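Working notes, structure below.
There are 2 protein chains.
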Amino acid sequence: MNTRTLAADQPIGVFDSGMGGLTVLRALRAAMPREHFVYLGDTARLPYGTKTAATVQRYALQAAGRLVTLGVKAIVVACNTASATALPAVQAQFPDVSVFGVVEPGAAAAAEHGGTVALLATESTVRGGAYQRALMRRGVQKVQARAAPLLVALAEEPSAAPHIQAAIIGDYLSGLMHSADTLLLGCTHFPVFVQQIELQLAGRAVVVDSATTTAAEVAASIVPRAHEDRGEITLLATDGAERFRRVGARFLGEPIHRVELVDV
Amino acid sequence: MNTRTLAADQPIGVFDSGMGGLTVLRALRAAMPREHFVYLGDTARLPYGTKTAATVQRYALQAAGRLVTLGVKAIVVACNTASATALPAVQAQFPDVSVFGVVEPGAAAAAEHGGTVALLATESTVRGGAYQRALMRRGVQKVQARAAPLLVALAEEPSAAPHIQAAIIGDYLSGLMHSADTLLLGCTHFPVFVQQIELQLAGRAVVVDSATTTAAEVAASIVPRAHEDRGEITLLATDGAERFRRVGARFLGEPIHRVELVDV
C-alpha cells in the first residue's frame with residue numbers, strides 16, 4: 001500500500017457552525033457511501049449567521065485547523081455563512097488540503113433552473129453578497145435575497161407548533177416569491193422545512209439547495225477510499241453533545257448515537 | 001479625596017451574552033443616574049441560552065474578568081442564563097468585587113405577587129432549575145416553566161411581521177397560562193414584548209421581570225459615586241458593533257451612538 005492509498009483512506013472533514021451542516025453530510029454520504037467522514041459542529045459559538053465576517057473567518061480557520069490535525073484528505077465548509085465569507089481564507093491557510101464550499105455548488109444548482117432566483121439565507125450571507133455574485137456569474141439576471149434569521153432558530157426547535165412554522169415560513173416566502181422561478185435555500189438549516197415550503201409554494205417555484213451539488217462536486221474531485229465496506233462517521237461538537245444528538249438527528253435523517261465534545 | 005471615594009467613582013460593570021441585558025442597564029441607569037456603567041455584550045458567542053452550563057460558566061468568567069481589568073466597583077450579571085448557571089463561579093473567582101445576578105431579584109419580584117408563577121426563559125435557564133428553586137424558597141407553591149428559544153431570535157429581529165410576533169408569543173403563552181397568576185420573564189430579551197404579552201394575557205396574570213428589582217438591589221448595596229452630574233455609559237461588544245447599535249437601541253430604549261469592539 002503506497003502513500004497515496006493511505007491518504008485516500010483518510011476521512012473527509014466537514015464543518016459547520018452547528019447541526020445544519022448535517023444536511024450536507026447526509027448528501028455527502030449518499031454520494032460517497034464508502035468514505036469516512038469527520039463532522040465538526042461549532043455548537044459553542046453558533047449561530048454564525050448574525051456575526052461579522054471577521055469573526056466568522058476566525059472561527060472557520062480554527063475549525064478547519066482542528067480537522068487538519070485529524071488528518072482529513074479534504075474539507076467541506078458545510079456552513080453557508082462560512083462558505084460565503086471564509087472560503088478563500090481557509091483555502092489560503094491550508095494549501096495542501098482540498099477545501100470545498102457550498103455557495104458555488106448552490107448557485108450552480110439554482111442557475112440550472114434559470115429565471116429569477118429567490119435566495120433565503122442568514123443575515124450575514126445575504127449581506128456579504130457571495131451568492132448573489134455567484135448567481136450573476138452564472139448568467140442569472142435577477143436575484144431577490146432575503147435574510148431569514150428566525151428560520152435558523154425554528155429549525156433548532158422541533159417542538160414549535162406546526163402553525164407557527166407555517167406562519168414564519170409563509171411570512172418569509174410572501175416577501176420573496178411574487179416573481180421568482182427558483183427558490184435557493186442558502187442556509188443548511190433550511191432543507192428541514194422543504195415539505196412545508198413546497199406546500200406553500202404550490203408549484204410556483206422550484207426549490208433547490210446546495211447539498212446535492214456540493215456532494216457531486218466533492219465526489220468528482222477526491223481520490224476515493226480503497227475499500228468496499230461502508231465508511232464510518234465521527235461526530236464532534238464544541239458544546240452540548242446531548243442536544244446535538246437529539247436535534248441533529250432531524251438534520252442527518254437518522255438517529256445519532258455518539259457525539260464527542262472537543263475544543264477548537 | 002481618599003481611596004474609598006476613588007473606588008466609588010469607578011463604573012459598575014454589566015455583562016450579558018449580547019444585547020438583551022441592555023433592558024437591565026436601562027433599569028440600572030434609571031435607579032442610579034449618577035453612576036458610570038460599562039456594559040459588555042458577548043455578541044461573538046451569543047446566545048448562551050442553548051449552551052451547556054460548563055460553556056456558559058467559562059464565557060461568564062472571561063467576561064467578568066474583562067470587566068475587572070477595567071476597574072469596575074461591582075458586576076451585574078445581566079444575562080439570566082449566566083446568572084442561573086455561573087453566578088457562584090463568578091463570585092468565587094472575583095471575591096473583591098460585589099457580583100449581582102438577576103435570578104434572585106426576579107424570583108423576589110414574582111413571589112411578591114404570589115399564586116402560581118409561570119416562567120418563560122431560555123432552554124438552559126429552565127433546565128438548570130435556578131429560578132424554580134429560588135421561587136420555591138420564597139414560598140411559591142407552584143411553578144410552570146417553559147423554554148421559549150424562538151423569542152430570543154424574535155427579539156433580535158425587529159423586522160419580523162407583527163402577526164408572526166403575535167403567533168409565537170401566543171403559542172408560548174397558551175401552554176403556560178391556564179392557571180398562572182404571575183408571568184415571570186426569565187430572559188432579558190423578553191421585556192421588549194411586554195406590550196404584546198399583556199395584550200394577549202388580557203389581565204389574567206401580572207407580568208414581572210428582573211430588571212427593576214435587580215436595579216433596586218444594586219442601588220442599595222453599592223457605595224455611590226461622589227458627583228452630582230449624570231454618569232456615562234460605555235458599551236463594549238465582542239462582535240458586530242453596527243448590529244449592536246441598530247438592534248440594541250430597542251433594548252436600551254434610546255439611540256446608541258458608539259460601541260467599541262473588544263476581545264475577551
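Those sequence lines, one after another, are chains A and B.
Taking the numbering used here as reference, the numbering of the first sequence is continuous, increasing by one, and the terminal residue is 264.
Taking the numbering used here as reference, the numbering of the second sequence is continuous, increasing by one, and the terminal residue is 264.
Glycine included, C-beta positions come from ideal geometry on N, C-alpha and C.
Predicted model only: the values in this text are computed from it and were never measured.
Item to check | Buried or exposed by the 16-neighbour rule on C-beta atoms within 10 Å, applied to residue 96/A | outcome: exposed
Item to check | Residues of its chain near residue 179/A, where Cβ-Cβ distance is below 7 Å and the 5 sequence neighbours each way are ignored | outcome: 116
Item to check | Euclidean distance between Cα positions of residue 219/B and residue 28/B | outcome: So the alpha carbons of these two residues sit roughly 8 Å apart.
Checklist entry - Any idea which residues DSSP pairs residue 144/A with across the strands? => result 118/A
Checklist entry - Counting contacts by CB-CB distance shorter than 8 Å, is residue 62/B in contact with chain A? => result no
Checklist entry - Would DSSP call residue 233/A helix, strand or coil? => result strand
Checklist entry - Comparing the C-beta of residue 121/B with each C-beta of chain A, is any distance below 8 Å? => result no
Checklist entry - Mind checking residue 129/B: buried by the 16 CB within 10 Å criterion, or exposed? => result Exposed is the call here.
Next on the checklist: So with CB distances below 7 Å, who are the chain A contacts of residue 168/B?
Outcome noted: Neighbours of residue 168/B on chain A, chain order: 164.
Item to check | C-beta contact flag for residue 44/B and residue 214/B at 8 Å | outcome: With respect to the 8 Å criterion, residue 44/B and residue 214/B are not classified as neighbours on the basis of their beta carbons.
Checklist entry - Are the C-beta atoms of residue 55/A and some chain B residue less than 8 Å apart? => result yes
Checklist entry - Ends of the alpha helix (DSSP H) at residue 106/B? => result 103-113
Next on the checklist: Using the three-state DSSP reduction, which class does residue 251/A fall into: helix, strand or coil?
Outcome noted: Helix at residue 251/A.
Checklist entry - Taking 8 Å as the CB-CB cut-off, is residue 1/B touching chain A? => result Reliability of the predicted coordinates at residue 1/B is poor, the pLDDT of 41 falling under 50, and no value is obtained from them.
Checklist entry - the region 28-55 of chain A: which residues have C-beta closer than 9 Å to a C-beta of chain B, in chain order? => result 43, 44, 45, 46, 47, 50, 51, 52, 54, 55
Next on the checklist: Report the start-end ranges of each alpha helix (DSSP H) in the region 122-198 of chain B that is 4 residues or longer and not cut off at the edges.
Outcome noted: 123-128, 130-137, 149-155, 162-174
Next on the checklist: Using a Cβ-Cβ distance cut-off of 8 Å, determine whether residue 153/B contacts chain A.
Outcome noted: yes
Next on the checklist: Less than 6 Å between C-beta atoms, sequence neighbours within five positions excluded: which residues of the same chain meet that for residue 63/A?
Outcome noted: 15, 40, 42, 264
Checklist entry - Cβ of residue 166/B within 8 Å of Cβ of residue 196/B? => result yes
Checklist entry - When the cut-off is 8 Å and only beta carbons count, does residue 249/B lie next to chain A? => result no
Checklist entry - If you drop the 5 nearest sequence neighbours on each side, which residues of the same chain put their C-beta closer than 6 Å to that of residue 209/A? => result 185, 191
Next on the checklist: Counting C-beta neighbours from all protein chains within 10 Å, is the total for residue 76/A 16 or more, i.e. buried, or is it exposed?
Outcome noted: buried
Next on the checklist: For a cutoff of 8 Å on Cβ pairs, would you count residue 149/B as touching chain A?
Outcome noted: yes
Next on the checklist: With DSSP as the reference, identify every bridge partner of residue 41/A, one or two as the case may be.
Outcome noted: 16/A, 237/A, per the DSSP bridge assignment.
Next on the checklist: If we define contact as Cβ-Cβ less than 8 Å, is residue 86/B a contact residue for chain A?
Outcome noted: no
Next on the checklist: Give me the residue from 19/B, 230/B, 47/B with the minimum Cα distance to residue 124/B.
Outcome noted: Nearest in C-alpha terms to residue 124/B, of all of 19/B, 230/B, 47/B, is 47/B.
Next on the checklist: Judging by CA-CA distance, which residue of 148/A, 189/A, 70/A is the nearest neighbour of residue 7/A?
Outcome noted: 70/A
Checklist entry - Which residue's Cα is closest to the Cα of residue 222/B: 98/B, 18/B, 252/B? => result 98/B
Checklist entry - By how many angstroms is the C-alpha of residue 12/B removed from the C-alpha of residue 104/B? => result Residue 104/B and residue 12/B: Cα-Cα distance of roughly 19 Å.
Item to check | Cβ-Cβ separation, residue 90/B to residue 121/B (assumed contact under 8 Å), whole Å | outcome: The pair is not a contact, with the Cβ atoms about 19 Å apart (cut-off 8 Å).
Next on the checklist: So, with DSSP's three-state summary, where would you put residue 11/A?
Outcome noted: coil
Checklist entry - Taking contact to mean at least 3 C-beta pairs separated by less than 8 Å, is the region 149-161 of chain A in contact with the region 149-163 of chain B? => result yes
Next on the checklist: Would residue 145/B and residue 119/B qualify as a contact pair, given that the criterion is a beta-carbon distance under 8 Å?
Outcome noted: yes
Checklist entry - Residues of chain B with CB under 7 Å from residue 239/A, in chain order? => result 51, 52, 55
Item to check | Beta-carbon spacing of residue 247/A, residue 32/A below 8 Å | outcome: Cβ distance not < 8 Å, so residue 247/A and residue 32/A don't count as in contact.
Checklist entry - Rounded to whole angstroms, how far is the Cβ of residue 262/A from the Cβ of residue 244/A, which I believe are closer than 8 Å? => result Residue 262/A to residue 244/A, Cβ: 12 Å. No contact.
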